[in-house]
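Chemist: Those protein sequences? They're chains A and U, same order as listed. For the first sequence, counting from 1, position 250 maps to 251 in the working numbering; every step adds exactly one. For the second sequence, counting from 1, position 207 maps to 208 in the working numbering; every step adds exactly one.
2 protein chains.
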Amino acid sequence: MVKVAVMGYGTVGSGVVEVIEKNKDMIQKKAGQEIEVAYILDLREFPGDPYEAKLVHDVNVIMEDPEVKIVCETMGGTGAAYKFTKAALEKGKSVCTSNKEMVAKYGPELIKTAREHACHYLFEASVGGGIPIIRPLNDSLTAEKIESITGILNGTTNYILTKMEREDKSFDVALARAQEKGYAEHNPEADVEGYDARRKIAILASLMMGKHVDSEKIPTEGITKITPADFAYAKAAGRTIKLLARAKAIGENSLEAMVSPVMLDKESPLAMVNFVYNAILVKGNMLGEAMFYGKGAGKLATASAVVSDVIDCTRNLGRKIPCDWDAQEATVEDAGNNVCAYYVRAKKSAKAALLAAFPEGEALELPDRAEDLAYFTKPMAHSAFVSACESLGDTVLGSIRLG
Amino acid sequence: MVKVAVMGYGTVGSGVVEVIEKNKDMIQKKAGQEIEVAYILDLREFPGDPYEAKLVHDVNVIMEDPEVKIVCETMGGTGAAYKFTKAALEKGKSVCTSNKEMVAKYGPELIKTAREHACHYLFEASVGGGIPIIRPLNDSLTAEKIESITGILNGTTNYILTKMEREDKSFDVALARAQEKGYAEHNPEADVEGYDARRKIAILASLMMGKHVDSEKIPTEGITKITPADFAYAKAAGRTIKLLARAKAIGENSLEAMVSPVMLDKESPLAMVNFVYNAILVKGNMLGEAMFYGKGAGKLATASAVVSDVIDCTRNLGRKIPCDWDAQEATVEDAGNNVCAYYVRAKKSAKAALLAAFPEGEALELPDRAEDLAYFTKPMAHSAFVSACESLGDTVLGSIRLG
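(1) Whole-angstrom Cβ separation of A:Ala105 and A:Ser216, contact assumed at under 8 Å?
(2) Should the region 135–149 of chain U be regarded as contacting the region 142–160 of chain A, the criterion being three or more beta carbon pairs within less than 8 Å?
(3) Any beta-carbon of chain U closer than 8 Å to the one on A:Asp327?
(4) Looking at chain A, which residues of the region 263–275 of chain U have a Cβ within less than 7 Å of any of its Cβ atoms?
(5) State whether the region 363–383 of chain A contacts the region 314–328 of chain A, with contact taken as three or more CB pairs (one from each stretch) at a distance under 8 Å.
(6) Should U:Tyr294 be flagged as near chain A, meaning a C-beta pair shorter than 8 Å?
(7) Given A:Ile219, which residues of its chain have a CB within under 7 Å of its CB, disregarding the five upstream and five downstream residues?
(8) Mapping the DSSP letters down to three states, classify A:Ala126 as helix, strand or coil.
(9) Taking 8 Å as the CB-CB cut-off, is U:Ile41 touching chain A?
(10) Where A:Lys226 and U:Ala280 are concerned, what is the direct C-alpha to C-alpha distance, given to the nearest angstrom?
(11) Can you give me the C-alpha to C-alpha distance between A:Gly295 and A:Gly131, rounded to a whole angstrom?
(12) Tell me the residue span of the alpha helix (DSSP H) that contains A:Met210.
(13) How long is the line joining the alpha carbons of A:Arg116 and A:Cys324, rounded to whole angstroms?
(14) How many Å lie between U:Ala246 and U:Tyr278 at the Cα?
(15) So with CB distances below 7 Å, who are the chain A contacts of U:Val308?
(16) Using only alpha-carbon positions, find the residue among U:Ala32, U:Gly33, U:Lys55, U:Glu35 that is nearest to U:Leu42.
(17) Is the beta carbon of A:Ala206 less than 8 Å from the beta carbon of A:Leu244?
(18) Need the endpoints of the alpha helix (DSSP H) that A:Gly399 sits in, please.
(19) Mind listing, in chain order, the continuous beta strand (DSSP E) runs of no fewer than 3 residues lying wholly within the region 292–340 of chain A?
(20) CB-CB under 8 Å to A:Ile251, same chain, minus the five flanking residues each way: which ones, in chain order?
(21) Taking Cβ positions, are U:His383 and U:Ala347 nearer each other than 8 Å?
(22) Does the beta-carbon distance from U:Lys101 to U:Val72 come in below 8 Å?
(23) Hey, is A:Pro323's beta-carbon within less than 8 Å of any beta-carbon in chain U?
(24) U:Cys73 lies in the beta strand (DSSP E); which residues open and close that run?
(25) May I ask you to list, following chain order, the residues of the region 8–28 of chain U that have a beta carbon less than 7 Å from some beta carbon of chain A?
(26) Are the C-beta of A:Lys31 and some C-beta of chain U separated by less than 8 Å?
(27) Measuring CA to CA, which of A:Asp169, A:Ala353, A:Val7 is closest to A:Glu74?
(28) Tell me which residues of the region 122–133 of chain U have at least one Cβ-Cβ distance to chain A shorter than 8 Å, keeping chain order.
(29) Using 10 angstroms around the beta-carbon of U:Asn188, count the other beta-carbons present and answer buried if the total reaches 16, otherwise exposed.
(30) By the DSSP assignment, the beta strand (DSSP E) with A:Ile161 in it spans what residues?
(31) Distance check for A:Pro380 and U:Arg167, CA to CA, integer angstroms please.
(32) Would you check if there are 3 or more beta carbon pairs closer than 8 Å linking the region 350–359 of chain A to the region 388–399 of chain A?
(33) When you compare only the Cα positions, how much space is there between A:Gly319 and A:Tyr234?
(34) Could you give the uninterrupted runs of the alpha helix (DSSP H) lying entirely in the region 339–368 of chain A, keeping only those of 4 residues or more?
(35) Does the beta-carbon distance from U:Ile153 to U:Leu288 come in below 8 Å?
(36) For chain A, find out if any of its Cβ atoms is closer than 8 Å to the Cβ of U:Ser392; answer yes or no.
Right, dumping it as structure tokens:
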């Protein structure tokens, strides 16, 4: 029997306990031995909770119990969670986590600490909720040079964009709907500004490069400026708008990376990912494209991914689980050099100026839109695009990358 | 260094050699040591081939070389390939294969033989080409009770159906186009009658159950009877038609399984899988749905999956790689009991009889179709559906399950 401690009895933590309980037989079969939750660490009390007897408030109870081989860190943040994770690993206890902030920031350090103490730091649940993606990258797509990874990694923004597209709603109204449904937080900044997706793509990009990609160096743009007008033009052009997180290897040590809205061709597999679903499209040099799709969040789905890591640890107690993520930092290329075609929405009066600023582009006018038009440029460097837009002044009402 | 032999220098076998050569550095990094192709077994000569020097015609050269630890079986069939696979495993050489026929038929026996000789029988490439699905089922979705697996597992039929839908072509014309493009074989029976998809769903169903599912016991219906009229009604109903391979666990030892065309709601994630792409939708009791998508065939994609198995073997020489697939057979339920709603195309004159035979259903008539109509039944047992259709005689022109 393997004893497990769960640190943080919130949504994911209580889900972990529930999954281990509900699928006990299957988990024992897959792990090769029984897995038991021995302790649940939380500062709060949970009177009447069926697992109340396992609740502890002092992390040392867990650290000092040599029978606890695996710890699930479902606290979040990089404060106490970091200290506890580091301490557990240094005691040779493997840590399985859903904490993307921690993984993005301290991934290589914690992987190294785990290795030095013959245990594991696993984080399948940190990206894409229950969608298997970390293990497929580490264990399945091993014969590939991964060329790029593109994902819809945030369910909240994807829900908002789907609502805007299908019900012709403004961003504010769609956000309010997402908040009512519990898909968006009261303070939605981390989601709608793209910061959540940025952490996740930093994790995936790091695994692609085998080197550390600093999430804070990834240029990031959220969805707050997207309007129903943009969706009207997208629809007319056979496109939709998604918040994409992208990483593309340029060389051994450098990559393009970005989080931004993209006006996607409807034929793209990512265009069909709607509502709270997430998807990750991986391009390999032999494979071509493979996509992993599912609910990117949710208590039990995320918990299931944490428990799959617990099972992996149990199968591999005392062994190595391969994970290429060195501390050496890979360089995120200057976004100004990224080449891309653009959709521009501009005042109708600016049509001639647009044609001059973006030669060979194509204008799209809709009969029910008297004031503005859409313009689709040829591929160009981002810096050149920005300059051209500046020269057009306030006749430009908005722009979105094409993909 | 690990020495590998490739048995069968056809499309996939030559792809394996190419992948190992082209991604040498990455593969060495992932495997932890260099992987070298030592022998290529084929009865044919390949004068001028860059790997001609490695060509052997006698399998014993491979069997008797103790340095060969891993064999890739890319011959196909269950004749010589079976004998060679068995012999290799009995000598403690791991076998990695793309041979779905072999895996579906002899999977549990060969897995057992491998275990008894401390080596591995791996088959990631047998389903979905380069799409990671076998390893995710064995290693990632381990905390789940898998409730069902539904896949578009045959690229040829999916290409034909996509062509029929988009270009209003008949089955025969779309098949001919697929043959011209090299997507369908001269004798297309195994694809269009669903036999290829049946083997693949048998493999996935076996992994879901942990028990053997005999592919020949899976009721199978191909796509030869689908007509442009069916697509016209599907379109009007917000649906499309796909050849689905499905398995659904009923109990510990029994399952529903089937290969058949399904008229799918356009919102289904499988509805958006077009042309030669494949996808596998896995439903777990905690996770909900996850989907794995990509090209289901192709030389390099399939070879990449074989090589990922070679890397897995190399990482796990002398260790166990978990795979639950016992020889004990799971029972495929009588298809007559399967409950499903149906689309029926019938002569317009039969409208009243349809309403009587299938109460509470819904008729759909299209202005440009004078002779027939579509009728959508409520869910009912397959046996009851068949009886009702028989009672309607030749007024029924076709039927497809709804999904």
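By construction, the Cβ of each residue, glycine as well, lies at the ideal position given by its N, Cα and C atoms.
Modeler: Inspection of the coordinates gives the following:
(1) 5 Å
(2) Pairwise C-beta distances place the region 135–149 of chain U out of contact with the region 142–160 of chain A, as fewer than three of them are shorter than 8 Å.
(3) Under the Cβ criterion of 8 Å, A:Asp327 is not counted among the residues facing chain U.
(4) Pro270, Met273
(5) no
(6) yes
(7) Arg199, Ile202, Ala203, Ala258, Met259, Val260, Val333
(8) helix
(9) no
(10) 34 Å
(11) Cα to Cα, the separation comes out at about 7 Å.
(12) 196–210
(13) 10 Å
(14) 14 Å
(15) Ala144
(16) U:Lys55
(17) no
(18) Segment 397–403 is the beta strand (DSSP E) holding A:Gly399; no alpha helix (DSSP H) there.
(19) Runs found: 327–330.
(20) Glu257, Glu334
(21) no
(22) no
(23) yes
(24) 69–74
(25) Val20, Asn24, Met27, Ile28
(26) So yes, A:Lys31 belongs to the interface.
(27) Nearest of A:Asp169, A:Ala353, A:Val7 to A:Glu74, Cα basis: A:Val7.
(28) Residues Glu125, Gly131, Ile132, Pro133.
(29) exposed
(30) Looking at the DSSP string, A:Ile161 is not in any beta strand (DSSP E); the run it does join, the alpha helix (DSSP H), is 156–168.
(31) 29 Å
(32) yes
(33) If you take the alpha carbons of A:Gly319 and A:Tyr234, they lie about 57 Å apart.
(34) 352–358
(35) Taking C-beta atoms as the reference points, U:Ile153 and U:Leu288 fail to come closer than 8 Å.
(36) no
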